[in-house]
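Comments concern the structure below.
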Amino acid sequence: MNDDNPYAAPQSSPQPPPLQHAHGDDRCWRDGAELLVRPGADLPRSCVKCGDPASEYRSRTFYWHSPWLYLLILLHMVVYLIVALIVRKPASHQVGLCARHQGQRRNFILMAWLSLVPLIGGFMFERGGMILLGVLLFLVMLFWGLLGMRVLKPKKITPELAVYAGVSPRLLASLPRYPHRRD
Ligand SMILES: [Zn+2]
């Protein structure tokens, strides 16, 4: 028996495996100190804060809206919040953090929660000075915690591209330079 049947349909030559985008080869770039990613694309499996191997690698969603929208706060906080919720642009990625930066982030989250302690404490004293001090401490701890807990700082998100700051230079250095012009 001859297995080489010349009339058989040509056997397809082995296909190269589909390209893996685990490292975001063509969907993840650097531009100066900024990280550019296609919305939905995953980041490298490294800590975005320091570039060490990630001990946690999970999907996170980031939101952005035009800074002009903040003018609405002058009009009314509630109006701003409603409009911001409607028009904000989302982008989700698998993002890595090392154990050290996971711990740091947990501390910032804890601080944001603990900001309620001076607030409640100040009002329990029922004296103007203490209330003022309590509110002041509350705001400082709250915003310090909220800013510190951010994994990435969105600079701009469109359906085509998400731009982030606050990314480890080591991680950025491992990415290709963005090949296109940005407006
Ligand atoms: Zn780290």
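So for the sequence shown, the working numbering puts the first residue at 20; every next one is plus one.
Glycine included, each C-beta is placed from N, C-alpha and C at the ideal position.
Between residue 76 and the set 67, 59 and 83, the nearest pair of CA atoms involves 67. Contact between the stretch 125–145 and the stretch 154–167 is present: 3 or more CB-CB pairs across the two stretches fall below 8 Å. A direct Cα-Cα distance of roughly 15 Å separates residue 151 from residue 161. The closest heavy atom of ligand 1 lies less than 7 Å from the beta carbon of residue 68. Pairing residue 88 with residue 174, the inter-Cα distance amounts to about 14 Å. Taking the Cα positions, residue 116 is about 32 Å away from residue 99. For residue 173, the uninterrupted beta strand (DSSP E) segment begins and ends at 172–176.
Of the heavy atoms belonging to ligand 1, at least one sits nearer than 7 Å to the Cβ of residue 119.
Short note on residue 116: C-beta closer than 7 Å to some heavy atom of ligand 1. Residue 61 has its Cβ no nearer than 7 Å to any heavy atom of ligand 1.
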